[in-house]
Amino acid sequence: MPILADEIDRAGMIFRYRLLAYVFMPEHVHLVLWPLEGMQLGLVIGGIKARSARRFFAGTGIGPRGGTRVFWQRRCHDHNCRTPETTREKINYCHNNPVRRELVADPGQWRWSSYNAYRGATDVPLTVDPIPL
Numbered sequence: 001m002p003i004l005a006d007e008i009d010r011a012g013m014i015f016r017y018r019l020l021a022y023v024f025m026p027e028h029v030h031l032v033l034w035p036l037e038g039m040q041l042g043l044v045i046g047g048i049k050a051r052s053a054r055r056f057f058a059g060t061g062i063g064p065r066g067g068t069r070v071f072w073q074r075r076c077h078d079h080n081c082r083t084p085e086t087t088r089e090k091i092n093y094c095h096n097n098p099v100r101r102e103l104v105a106d107p108g109q110w111r112w113s114s115y116n117a118y119r120g121a122t123d124v125p126l127t128v129d130p131i132p133l
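All residue numbers for the sequence shown refer to the numbering used here, where the first residue is 1 and numbers rise by one.
Printed below as a string of structure tokens:
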């Protein structure tokens, strides 16, 4: 399992959020997460980013330049979905991102997405949780 998928899965087991959708793009990631009561989503995202970056750099032999190695942007751009319609819109946005970028003609062709999990496939990078709406 790729590092990022492994760390998202690991964080899900620890923090018990629901993973509703994902897409791994060449230079960014989209996640639709349903946090459980009282969970601090910023800590979860920070942990995923920190652990995946450490694992990436450990596997490359790349040392810090000037004392710093940068893998992720400092901030993530989040959006709170307040309605079932908005949540479904964000899930569709994720799944269609590779098509909009012209990387594939159909979202089902992009392996690094939850799209095929929604279609019943089991050979996907991460399984998704049912939408609790």
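Ideal Cβ placement from N, Cα and C applies to all residues, glycine included.
Please read these numbers as outputs of a predicted model, since none were measured by experiment.
Proximity of residue i and residue j at Cβ, strictly below 7 Å
i, j, result
"residue 90", "residue 81", "yes"
"residue 20", "residue 29", "no"
"residue 96", "residue 84", "no"
"residue 126", "residue 50", "no"
Residues near residue i by beta carbon distance below 7 Å, same chain, minus five either side
i, result
"residue 3", "52, 55, 56"
"residue 15", "39, 44"
"residue 103", "110"
Where residue i falls: helix, strand or coil (DSSP)
i, result
"residue 114", "coil"
"residue 101", "coil"
"residue 20", "strand"
Integer Cβ distance of residue i from residue j, believed to fall under 8 Å
i, j, result
"residue 17", "residue 44", "6 Å"
"residue 130", "residue 34", "Not really, about 10 Å apart at Cβ, beyond 8 Å."
Near the ligand NAD: residue i beta-carbon under 6 Å from a heavy atom
i, result
"residue 114", "No copy of the ligand NAD occurs in the structure displayed, which carries no ligand at all."
Local Cβ density within 10 Å of residue i, reported as buried at 16 or more and exposed below that
i, result
"residue 27", "exposed"
"residue 11", "buried"
"residue 117", "buried"
"residue 37", "exposed"
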